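In terms of my numbering, the sequence shown opens at residue -19 and continues consecutively. One structure is given here, and the rest of the page talks about it.
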Amino acid sequence: MRNDFFYAQPVKIWFGEGCFARLEEILGELSLERCVLVCGRHFAPEAKKLQQQIPAICAVFSEVEPNPQLSGAAQAARLARMHKAQAVIGIGGGSAMDTAKFAAAIAPGEASAEAYWSGEVPLPADPLAILCVPTTAGTGSEVTQVSVISHGSAKRTTNHPSFMPKAAMVDPLLSLSVSPYTTMITGLDAMAHALEGCWSKNHQPIPDLLAAEAVRLILENLSTAYRDGTDREARAALSYASLLAGLSFAQPKTAGCHACSYPLSEWYHLPHGEACAFTLDSFVTLNADERLETLCRKAGLSGTAELASRIRAFKEEAGLKMRLSDLGEVDTAALAAACAAHPLMQNNPVPMDAAALKAMFEALR
Ligand code: NAD
């Protein structure tokens, strides 16, 4: 065990069934009097109602799409400037929360959204506050300083303190309406966060503890929530697991499986969770070591072989893409080279060059 580490978790977290009903009270507690609410279409009707009920919500941007585009974040930032907002509230899956985070970070600046996104201009020093309310159980974006925003077909992950939320409200009731497919892929995204945080080269004792509990809860509850989305106990367990998984990778960062997810999403259009799931069991096998065996035993498994087979069973249950042939024509050499070049690959405990990654993908033929 490491006996030297620095751990920080600056987000105020409210968790519990029905806690979202306290939104107005919590905005008051945080002294936030002027906020822009950012969400996707599924939450748009509710957002309009909230705007009428809560005076602190001065504007709503409800057009966030999956793989959120920079143009949406720029529009939300414009609203924030126009209304002199102090905060941006992101309600939804990772797409809505990441849009809210990016809008809050760039709203005080004068440069174009593109200049901030590309890194040509540093983010303003005085970001607006961010309040995140997840409605899927997967990304953990409510407790990370990461925002994933696409510009055209280029998807970019930016890691910056300006994206760290001030507060998170995690209400499992908000996830009851998530479809079975999205339930499965977001659950496997959370599983990937917990495992990658644990096997990351920068792993730490506190996040490691959270990761084991997140994996245990996902193994116990994901199939139940997939088959019956109204099962409140399973939904609450997954919301909690997703939060723990977010905390378990927030500082250590993710590794090989997430590095591969970027080309898989950009080239073969797999949603983020399905892209992570595509290689997750392969990385469990490749990264298996004593620490991962310990996590498996804490999660109630016999070891890493059982973990890999449980992940494959989840993918089979939901009919997720599992084999190279499911992706269409694949140039494995080009795919492996792109995955090897992703910076997160440097965080993988086992060195994975393009040749090793090509062999990993070839095994999925
Ligand atoms: P998502 O936000 O794209 O949502 C998927 C779909 O589910 C959307 O159509 C959305 O409208 C719908 N939806 C969301 N909540 C719903 C609900 N309660 N009921 C019905 N429909 C609902 O999916 P996601 O997996 O939550 O987020 C994926 C995005 O998050 C990707 O862009 C990914 O790269 C990013 N991400 C960010 C972080 C981070 O730390 N910032 C971590 C992991 C992933």
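For each residue, glycine too, the CB sits at the ideal point set by N, CA and C. Note that this is a predicted model, so its numbers are computed, not measured.
query, result
"For the ligand NAD, is there a heavy atom less than 7 Å away from the beta-carbon of H322?", "no"
"According to DSSP, simplified to helix, strand and coil, what is A317?", "helix"
"Specify the secondary structure class of P114 as computed by DSSP and reduced to three states.", "strand"
"State the beta-bridge partners of M149 as determined by DSSP.", "W(-6)"
"Could you spell out where the beta strand (DSSP E) holding G89 opens and where it closes?", "No beta strand (DSSP E) contains G89, which DSSP labels as neither H nor E."
"What three-state label does DSSP hand N346 in the structure shown?", "No answer is possible for residue 346: the residues shown for the chain start at -19 and end at 345."
"With a threshold of 7 Å, establish whether the CB of T210 neighbours any heavy atom of the ligand NAD.", "no"
"Return the chain-ordered list of same chain residues with a C-beta closer than 6 Å to the C-beta of A87, the five sequence neighbours on each side being excluded.", "A57, A60, R61 and L108"
"Can you tell me whether I129 is helix, strand or coil according to DSSP?", "strand"
"Run the proximity test for D106: is its beta-carbon closer than 7 Å to any non-hydrogen atom belonging to the ligand NAD?", "no"
"Looking at the structure shown, is N330 part of a helix, part of a strand, or coil, going by DSSP?", "Looking at the sequence shown, residue 330 is not Asn but Val. DSSP places V330 in coil when its eight states are reduced to three."
"By a C-beta neighbour count over all protein chains shown, 10 Å radius and 16 as the cutoff for buried, is Y(-13) buried or exposed?", "exposed"
"Do you know offhand how far P251's Cα is from E296's?", "17 Å"
"Report the residue ranges of all alpha helix (DSSP H) runs contained in full by the stretch 248 to 282; include only those spanning at least 4 residues, in chain order.", "252 to 266 and 270 to 278"
"Rounded to whole angstroms, what's the CA-CA distance from L111 to K(-8)? Just pull it up for me.", "9 Å"
"Going by the beta-carbon positions, is the gap between G118 and A170 smaller than 8 Å?", "yes"
"Whether or not the stretch 170 to 182 and the stretch 251 to 266 are in contact is what I'm after, with contact meaning three or more pairs of Cβ atoms, one per stretch, closer than 8 Å; do they touch?", "yes"
"Of the residues Y220, S203 and R212, which one's Cα is nearest the Cα of E193?", "Y220"
"Round the Cβ separation of Y206 and T163 to the nearest angstrom and send it over; I've been treating them as touching at under 8 Å.", "5 Å"
"Just checking P25 against the ligand NAD - is the residue's beta carbon closer than 7 Å to any of the ligand's heavy atoms?", "no"
"For E286, which three-state DSSP category applies?", "helix"
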